[in-house]
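Student:
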Amino acid sequence: MPSEEELVARCLAGDPEAWNDLVRTYSRYVFAICSQGYRLQGADAEDAFQDVFVRVYGRLDTLRNAEALRPWIAQMTRRVCLDRIAAGKREEPSDVEPLGLEATLEELDEAFAVREAMAELSEECREILDRFFCRDESYRTIGEELGLPAGTIASRISRCLARLRQRLEA
Amino acid sequence: MSYDEETLAKLLRMFPPAPEGWVRAAQELPNARDALDDLVARAEADAELRRRILNDLEAALAAEGVEPSSALLAELRVRLSAD
Chain U
1 MPSEEELVAR CLAGDPEAWN DLVRTYSRYV FAICSQGYRL QGADAEDAFQ
51 DVFVRVYGRL DTLRNAEALR PWIAQMTRRV CLDRIAAGKR EEPSDVEPLG
101 LEATLEELDE AFAVREAMAE LSEECREILD RFFCRDESYR TIGEELGLPA
151 GTIASRISRC LARLRQRLEA
Chain X
1001 MSYDEETLAK LLRMFPPAPE GWVRAAQELP NARDALDDLV ARAEADAELR
1051 RRILNDLEAA LAAEGVEPSS ALLAELRVRL SAD
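Chains as they are written, first to last, in our numbering: chain U, 1 to 170; chain X, 1001 to 1083.
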């Protein structure tokens, strides 16, 4: 993963690949806040997701500290989700947040850190862990897709988790 | 924090991929923005075009090759109404 500072600088310089990287890096995080934090679904979740990236794109030059990109995006996502919920209820923008939201957001921040550490693993480990845990694919599907015997997937997952743990605890 | 296998598995499962189409639409934003600016500029110079766009914002964006997300539709409506 590129550093936040580097990513912001490249985006502001108009590098189209940098914007692609930014969206790729934060898409799961934004999606998770919308769907798990605020329990938005379907068109509401999609609208909120797009609205967040429209705002990020339009306001990136107002971000004072590029190192604060992730919390800035998180805050923007929270605002967008609250507006979306209020719009659905035809109410004024609300500040009432779902129960358990703070705990979920804390876990999502930890999940983001794990994701960052995962980026330092080998491509095979990244693929296996992503397919098994994030995409919920079976051993068989993973084996077929990666050209590996299905019987070896469990041990590889375990090995990759151990490497991930080493990275996080280093 | 202790990262045992169970904790790692739980945290990894919290990050499923966003739908591919959503990600692609977000990545297309810079192009969409250019198309939007162009559309607004043409509408400012042509009252009939502006009326047609305001009548069907979705079709106008789609004709420019832009995925008409609610955020872009809202922005287009605001910009044309403000002119």
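Cβ atoms here follow ideal geometry from the backbone N, Cα and C, with glycine treated the same way.
At 7 Å on the CB atoms, spell out the chain X contacts of valine 114 of chain U, in chain order.
Tutor: What valine 114 of chain U touches in chain X: Leu1008, Leu1011 and Leu1012.
Student: Report yes if the C-beta distance between glutamate 1064 of chain X and leucine 1080 of chain X is below 7 Å; otherwise report no.
Tutor: Not closer than 7 Å, so no.
Student: Could you check the C-alpha separation between threonine 25 of chain U and glutamate 120 of chain U for me, to the nearest Å?
Tutor: Roughly 14 Å separates the two Cα atoms.
Student: Run through the region 29-106 of chain U for me and flag every whole alpha helix (DSSP H) of 4 or more residues, listed as ranges in chain order.
Tutor: Entirely contained in the region 29-106 of chain U, the alpha helix (DSSP H) runs reaching 4 residues are, in chain order, 42-59 and 69-88.
Student: Does the beta carbon of leucine 82 of chain U sit closer than 7 Å to a beta carbon anywhere in chain X?
Tutor: With 7 Å as the cut-off, leucine 82 of chain U does not count as an interface residue toward chain X.
Student: State the DSSP-derived secondary structure class of serine 27 of chain U, mapped to helix, strand or coil.
Tutor: It is helical.
Student: Which whole-angstrom value is the C-beta distance of cysteine 34 of chain U and threonine 77 of chain U, which I expect to be below 8 Å?
Tutor: Right, the Cβ-Cβ distance comes to about 7 Å (below 8 Å), so this counts as a contact.
Student: Near leucine 1073 of chain X, what residues of its chain come up, given a Cβ to Cβ distance below 6 Å and the 5 sequence neighbours on each side ignored?
Tutor: Same-chain partners within the cutoff: Leu1057.
Student: What are the boundary residues of the alpha helix (DSSP H) that includes valine 1066 of chain X?
Tutor: Careful: valine 1066 of chain X lies outside any alpha helix (DSSP H) and carries neither H nor E.
Student: Select from U/Arg39, U/Val8 and U/Phe53 the residue whose C-alpha is nearest the C-alpha of arginine 64 of chain U.
Tutor: It is U/Val8 whose Cα lies nearest to the Cα of arginine 64 of chain U.
Student: Does the structure place the region 1045-1052 of chain X close enough to the region 1004-1014 of chain X that three or more beta carbon pairs sit under 8 Å?
Tutor: No, because fewer than three Cβ pairs between the region 1004-1014 of chain X and the region 1045-1052 of chain X fall closer than 8 Å, the two stretches do not touch.
Student: Following the continuous alpha helix (DSSP H) through proline 1030 of chain X, name the residue where it begins and the one where it ends.
Tutor: Residues 1029-1045.
Student: So, with DSSP's three-state summary, where would you put arginine 135 of chain U?
Tutor: If DSSP states are grouped into helix, strand and coil, arginine 135 of chain U belongs with coil.
Student: Can you tell me which of the three DSSP states serine 1002 of chain X falls into?
Tutor: In the structure shown, serine 1002 of chain X sits in coil (DSSP, three-state: anything other than H, G, I, E or B).
Student: 7 Å is my cut-off, CB to CB: does aspartate 21 of chain U come that close to chain X?
Tutor: Chain X, which has no Cβ nearer than 7 Å to the Cβ of aspartate 21 of chain U, makes this no.
Student: Can you tell me where the alpha helix (DSSP H) with leucine 129 of chain U in it begins and where it stops?
Tutor: Leucine 129 of chain U -> alpha helix (DSSP H) spans 123-129.
Student: Do phenylalanine 1015 of chain X and arginine 156 of chain U have their C-beta atoms closer together than 7 Å?
Tutor: No, the Cβ-Cβ distance between phenylalanine 1015 of chain X and arginine 156 of chain U is not below 7 Å.
Student: List the residues of chain X that glutamine 36 of chain U touches, going by C-beta distances under 8 Å, in chain order.
Tutor: By Cβ distance, chain X contributes Met1014.
Student: When the Cβ atoms of the region 32-48 of chain U are set against those of the region 1027-1047 of chain X, are three or more pairs found closer than 8 Å?
Tutor: The region 32-48 of chain U, when compared against the region 1027-1047 of chain X, does not touch it at the 8 Å Cβ threshold.
Student: Can you tell me whether arginine 84 of chain U is buried or exposed? The criterion is at least 16 other CB atoms within 10 Å of its CB, across all chains shown.
Tutor: Buried is the call here.
Student: For chain U, find out if any of its Cβ atoms is closer than 7 Å to the Cβ of proline 1030 of chain X; answer yes or no.
Tutor: Taking Cβ atoms only, chain U reaches closer than 7 Å to proline 1030 of chain X, which makes this a yes.
Student: Taking only three categories from DSSP, how would you classify phenylalanine 1015 of chain X?
Tutor: DSSP places phenylalanine 1015 of chain X in coil when its eight states are reduced to three.
Student: To the nearest angstrom, how far is it from the Cα of leucine 1029 of chain X to the Cα of glutamate 110 of chain U?
Tutor: Cα to Cα, the separation comes out at about 28 Å.
Student: Measure from the alpha carbon of leucine 82 of chain U to the alpha carbon of each residue in U/Phe53, U/Asp21, U/Asp44 and U/Arg10, then state which is nearest.
Tutor: Of the candidates U/Phe53, U/Asp21, U/Asp44 and U/Arg10, the one whose C-alpha sits nearest the C-alpha of leucine 82 of chain U is U/Asp44.
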